[in-house]
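Below: the structure, in structure tokens.
There are 2 protein chains.
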Amino acid sequence: MKQVVSAETIVSMLKQVTSSDKDFVALHEPSFQGNEWTYVKDCLDTGWVSSVGKYVDRLEEMLQEFTGVKRAVAVVNGTAALHICLKLVGVERDDEVIIPALTFIATANAVTYCDAIPHFVDSSEETLGLDPLKLGDYLQEIAEVRNHTCFNKKTGRRIKAVVPMHTFGHPVELDTLVEVCQRYHLELVEDAAESLGSYYKGTHTGNWGRVSALSFNGNKIVTTGGGGAILTNDETLGRLAKHITTTAKVPHKWEFVHDQIGYNYRMPNINAALGCAQLEQLPDFLPKKRALAKFYENQFLHFEGASFVSEPKHCRSNYWLNAIRLSADYMNLRDEILRATNEQGMMTRPVWRLLSSLPMYADAPQMDLSVAKKLEQSIVNIPSSAHLGGTYVEA
Amino acid sequence: MKQVVSAETIVSMLKQVTSSDKDFVALHEPSFQGNEWTYVKDCLDTGWVSSVGKYVDRLEEMLQEFTGVKRAVAVVNGTAALHICLKLVGVERDDEVIIPALTFIATANAVTYCDAIPHFVDSSEETLGLDPLKLGDYLQEIAEVRNHTCFNKKTGRRIKAVVPMHTFGHPVELDTLVEVCQRYHLELVEDAAESLGSYYKGTHTGNWGRVSALSFNGNKIVTTGGGGAILTNDETLGRLAKHITTTAKVPHKWEFVHDQIGYNYRMPNINAALGCAQLEQLPDFLPKKRALAKFYENQFLHFEGASFVSEPKHCRSNYWLNAIRLSADYMNLRDEILRATNEQGMMTRPVWRLLSSLPMYADAPQMDLSVAKKLEQSIVNIPSSAHLGGTYVEA
Chain A
1 MKQVVSAETI VSMLKQVTSS DKDFVALHEP SFQGNEWTYV KDCLDTGWVS
51 SVGKYVDRLE EMLQEFTGVK RAVAVVNGTA ALHICLKLVG VERDDEVIIP
101 ALTFIATANA VTYCDAIPHF VDSSEETLGL DPLKLGDYLQ EIAEVRNHTC
151 FNKKTGRRIK AVVPMHTFGH PVELDTLVEV CQRYHLELVE DAAESLGSYY
201 KGTHTGNWGR VSALSFNGNK IVTTGGGGAI LTNDETLGRL AKHITTTAKV
251 PHKWEFVHDQ IGYNYRMPNI NAALGCAQLE QLPDFLPKKR ALAKFYENQF
301 LHFEGASFVS EPKHCRSNYW LNAIRLSADY MNLRDEILRA TNEQGMMTRP
351 VWRLLSSLPM YADAPQMDLS VAKKLEQSIV NIPSSAHLGG TYVEA
Chain B
1 MKQVVSAETI VSMLKQVTSS DKDFVALHEP SFQGNEWTYV KDCLDTGWVS
51 SVGKYVDRLE EMLQEFTGVK RAVAVVNGTA ALHICLKLVG VERDDEVIIP
101 ALTFIATANA VTYCDAIPHF VDSSEETLGL DPLKLGDYLQ EIAEVRNHTC
151 FNKKTGRRIK AVVPMHTFGH PVELDTLVEV CQRYHLELVE DAAESLGSYY
201 KGTHTGNWGR VSALSFNGNK IVTTGGGGAI LTNDETLGRL AKHITTTAKV
251 PHKWEFVHDQ IGYNYRMPNI NAALGCAQLE QLPDFLPKKR ALAKFYENQF
301 LHFEGASFVS EPKHCRSNYW LNAIRLSADY MNLRDEILRA TNEQGMMTRP
351 VWRLLSSLPM YADAPQMDLS VAKKLEQSIV NIPSSAHLGG TYVEA
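Residue numbers (the working numbering), protein chains in the order written: chain A, 1 to 395; chain B, 1 to 395.
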């Protein structure tokens with residue numbers, strides 16, 4: 001017998017997961033059960049906390065091994081990673097860059113940092129991320145390719161790149177997207193900020209884009225305090241990524257010579273130390289998060305008016321942030337659910353406001369965003385920390 | 001009786017300071033003798049390593065108390081601090097910003113990040129930093145003020161700001177510079193990356209600029225791994241600095257709304273924890289560094305061909321990085337001195353290559369740089385860690 005969704009039924013369902021927990025249940029909090037103290041203390045003991053030290057190299061090697069990319073470059077945060085990714089694929093002033101309207105602000109801001117213009121596109125009902133089929137149809141209408149370069153027929157501007165974001169860890173339909181990008185000579189940059197540990201057709205996200213960005217912010221599946229990484233299978237771009245994120249200094253024992261505009265985006269050694277300890281535990285976090293997601297998924301089978309967001313076809317998701325969707329008749333309950341859960345110390349939140357509706361991006365080009373608009377009104381994220389899954393599994 | 005400067009005499013002088021030390025003596029290494037571990041462990045124990053936590057607020061309060069500014073905003077590094085300082089005073093695309101040719105690359109890059117153009121000016125023999133009198137004469141020749149706005153008569157571009165950098169911790173002549181800036185309606189932004197603990201006429205550096213930037217990189221007098229801060233006595237700008245360095249998110253318990261282009265420049269809590277412990281020890285580091293500088297100063301009284309760089313008139317310097325200057329007849333020894341000292345494990349380095357000579361800035365406007373060119377060839381930095389002064393004082 002189905003249970004009708006309401007603020008009360010959601011609160012009571014969430015209590016099953018969180019009841020044994022503290023007064024306040026975060027949406028996603030980190031777990032430091034491994035070598036965090038040991039590695040961080042090693043930094044303090046040796047004095048190597050900053051731009052010199054072994055943990056940055058080690059973190060990059062661990063990321064390469066885990067994701068399968070040829071080169072990972074650790075940086076200060078996911079926004080910085082995205083900014084450099086766009087520079088690396090040649091995004092320049094007045095270019096347009098295609099991004100989903102439904103994403104975190106960093107995706108659009110990184111475009112702006114290149115003096116380029118975000119061009120907002122719609123999301124897929126299934127993946128919550130950029131819809132490649134709808135994008136293909138749209139490009140057929142508005143784009144033309146001349147000399148292997150894609151132009152927006154309406155604005156006259158070059159369209160340089162496409163940046164899908166793997167929402168809450170769920171990969172977009174990468175095969176189709178790669179095909180669309182090839183057809184229109186667009187560079188593919190994966191915003192994999194949320195998808196460390198997520199796979200599409202058996203290959204880790206971040207392997208499809210020419211370059212890709214990870215985030216290790218405090219709310220992510222692993223954290224370095226603040227941090228991110230650039231991933232690429234192009235070794236030349238990988239070397240360039242390292243060079244321009246470390247002020248483009250030409251290696252020399254004492255001379256200070258820089259050969260191009262660079263950025264001070266290097267991850268400090270102390271943050272990388274934390275990251276190494278966290279990455280060691282990722283294989284332990286992933287099944288716990290999956291167990292929690294499966295619990296939620298089963299619970300919501302019995303709900304009317306709300307459904308759990310499960311991993312898309314061909315994907316194995318990290319289930320970074322669990323989400324439910326309210327069906328059309330129940331979307332008006334969203335704010336009541338947010339209020340009731342947060343008042344009871346169980347943190348929930350809606351998805352981001354569509355970027356195309358923010359004042360600084362209101363004039364940016366956009367396609368029909370009907371799916372994204374529906375998702376914006378209907379999604380609620382629910383507590384997702386790995387330890388909640390552990391508790392549930394053990395219970 | 002004077003000793004003639006040579007690679008050998010410098011090596012033997014440095015050995016007096018460093019002999020009791022390790023095989024390798026860094027130019028500047030941090031000292032973690034205080035509450036570093038306690039505070040960092042507190043972050044790990046509570047899980048608050050990232051964008052939430054008490055240490056960022058505490059670090060900002062400590063910086064306000066120490067420097068006397070009304071508002072300090074902690075950010076990821078000194079480059080980010082400078083970038084935002086320039087945004088805050090209204091630097092826009094195609095503006096010119098006056099900076100010394102003799103500074104670290106970050107000063108120029110921050111200007112470039114605003115799509116503005118660095119305009120390189122000469123240094124003072126005494127302070128090693130921007131020479132305000134020479135700047136005044138130069139502006140009389142090339143600048144005109146119309147409607148309270150300064151223009152470069154040659155390029156037609158607006159000149160918006162002046163960014164002096166307090167080289168190695170030695171303050172520039174701020175009184176005169178403030179007067180020049182007022183006369184030409186130029187915004188003053190202090191690049192105080194190297195001068196935490198340095199005072200001009202009894203007031204801490206960073207109080208003269210409308211906004212100023214600090215750095216807590218690993219080689220600085222106090223470190224947060226990587227980090228920096230924006231300082232200002234203008235409370236409105238201080239609030240704006242906080243807002244745009246934290247993605248310009250409008251405060252709300254769960255909504256994600258951003259009201260302008262922002263940056264992900266917030267310092268992570270774990271780095272701020274390190275910074276709080278370091279700042280507690282700054283009053284202990286400063287006299288040790290002064291003792292080391294005084295030792296060097298006395299040694300070089302007996303040298304012919306090299307002199308120690310002492311704090312300028314009206315200044316109390318933090319002596320962040322000690323430096324010697326070779327006189328004209330001995331400048332050809334510089335590379336031999338660098339080689340001999342570094343080969344013996346005593347780290348020394350020349351000053352930065354003039355930014356106006358780097359490929360990406362070769363076409364930028366510049367005045368006569370004769371003093372900076374001489375300084376570029378004649379300066380050698382010598383080991384400066386606080387603990388070396390402690391050793392010396394105790395010996």
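The beta-carbon is built from N, C-alpha and C at its ideal position, and this holds for glycine as well.
Could one say the Cβ of residue i lies closer than 8 Å to chain B's Cβ atoms, at least one of them?
{"i": "PRO359 of chain A", "result": "yes"}
{"i": "GLY390 of chain A", "result": "no"}
{"i": "HIS258 of chain A", "result": "yes"}
{"i": "GLU394 of chain A", "result": "Its pLDDT being 46, under 50, GLU394 of chain A is placed unreliably by the model, and nothing is read from it."}
{"i": "GLY345 of chain A", "result": "no"}
{"i": "LYS288 of chain A", "result": "no"}
{"i": "SER356 of chain A", "result": "no"}
{"i": "ASP115 of chain A", "result": "yes"}
{"i": "PHE32 of chain A", "result": "yes"}
Taking Cβ positions only, does residue i come closer than 8 Å to chain A?
{"i": "LEU14 of chain B", "result": "no"}
{"i": "ASN77 of chain B", "result": "yes"}
{"i": "LEU338 of chain B", "result": "yes"}
{"i": "VAL40 of chain B", "result": "yes"}
{"i": "ASN147 of chain B", "result": "no"}
{"i": "GLY226 of chain B", "result": "yes"}
Going along chain B in order, which residues have a C-beta closer than 7 Å to the C-beta of residue i?
{"i": "GLU29 of chain A", "result": "GLY47"}
{"i": "ALA106 of chain A", "result": "ASN264"}
{"i": "ASN342 of chain A", "result": "LYS253 and TRP254"}
{"i": "THR223 of chain A", "result": "VAL49 and SER50"}
{"i": "PHE295 of chain A", "result": "Residues of chain B passing the Cβ test: none, with the nearest at roughly 22 Å."}
{"i": "GLY129 of chain A", "result": "In chain order: nothing, as chain B lies at least about 17 Å away."}
Looking at the strands, I want to know which residues DSSP matches up with residue i.
{"i": "TYR265 of chain A", "result": "DSSP lists no partner for TYR265 of chain A."}
{"i": "LYS249 of chain B", "result": "B:HIS258"}
{"i": "GLY136 of chain A", "result": "Bridge partners of GLY136 of chain A: none, in fact."}
{"i": "GLN3 of chain B", "result": "B:PHE303"}
{"i": "VAL25 of chain A", "result": "A:MET346"}
Starting from residue i, find everything on chain A with Cβ-Cβ shorter than 8 Å and list it in chain order.
{"i": "PRO261 of chain B", "result": "It should be pointed out that residue 261 of chain B corresponds to Ile in this sequence rather than to Pro. Near ILE261 of chain B (Cβ distances below 8 Å), the residues of chain A are ASN109, THR112 and MET360."}
{"i": "VAL56 of chain B", "result": "Those within 8 Å of VAL56 of chain B in chain A number zero; the least Cβ separation is about 11 Å."}
Using a threshold of 8 Å, state whether the C-beta atoms of residue i and residue j are closer than that.
{"i": "GLY169 of chain A", "j": "VAL189 of chain A", "result": "no"}
{"i": "ALA116 of chain A", "j": "VAL97 of chain A", "result": "yes"}
{"i": "VAL75 of chain A", "j": "ALA306 of chain A", "result": "no"}
{"i": "ALA101 of chain A", "j": "TYR265 of chain A", "result": "no"}
{"i": "VAL4 of chain B", "j": "GLU304 of chain B", "result": "yes"}
{"i": "LEU14 of chain A", "j": "PRO383 of chain A", "result": "yes"}
{"i": "ALA161 of chain B", "j": "LEU186 of chain B", "result": "yes"}
{"i": "LEU88 of chain B", "j": "CYS114 of chain B", "result": "no"}
{"i": "ILE261 of chain B", "j": "ALA272 of chain B", "result": "no"}
{"i": "LEU369 of chain A", "j": "ASP122 of chain A", "result": "yes"}
{"i": "ARG157 of chain B", "j": "THR149 of chain B", "result": "no"}
{"i": "SER124 of chain B", "j": "HIS166 of chain B", "result": "no"}
Quick check on the DSSP output: the beta strand (DSSP E) that includes residue i runs from which residue to which?
{"i": "VAL75 of chain A", "result": "71 to 75"}
{"i": "LYS160 of chain A", "result": "158 to 162"}
{"i": "ASP191 of chain A", "result": "187 to 191"}
{"i": "ILE98 of chain B", "result": "96 to 100"}
Using a cut-off of 7 Å between C-beta atoms, extract the partners of residue i located in chain A.
{"i": "GLU36 of chain B", "result": "LEU44"}
{"i": "THR398 of chain B", "result": "Outside the shown range of chain B, which is 1 to 395, sits residue 398 of chain B, and nothing can be said about it."}
{"i": "ASN298 of chain B", "result": "Residues of chain A passing the Cβ test: none, with the nearest at roughly 26 Å."}
Chain A partners of residue i, CB-CB under 9 Å?
{"i": "PRO350 of chain B", "result": "TRP254, GLU255 and PHE256"}
Who are the neighbours of residue i on chain B, taking C-beta pairs under 8 Å?
{"i": "PRO283 of chain A", "result": "Chain B residues near PRO283 of chain A: none, gap ~20 Å exceeds 8 Å."}
{"i": "ASN217 of chain A", "result": "SER50 and SER51"}
Check the Cβ of residue i against every Cβ in chain B and list those closer than 9 Å, keeping chain order.
{"i": "ARG353 of chain A", "result": "GLU255, PHE256, VAL257 and HIS258"}
{"i": "ASP274 of chain A", "result": "Residue identity check: residue 274 of chain A is Leu in the sequence provided, not Asp. Near LEU274 of chain A (Cβ distances below 9 Å), the residues of chain B are LEU44, VAL49 and ILE270."}
For a test of your reading of the model: does the CB of residue i fall under 7 Å from any non-hydrogen atom of the ligand NAD? Yes or no.
{"i": "ALA323 of chain B", "result": "Ligands are entirely absent from the displayed structure, and the ligand NAD is therefore not among its contents."}
Which residues bound the alpha helix (DSSP H) around residue i?
{"i": "CYS181 of chain A", "result": "174 to 183"}
{"i": "ILE105 of chain A", "result": "105 to 113"}
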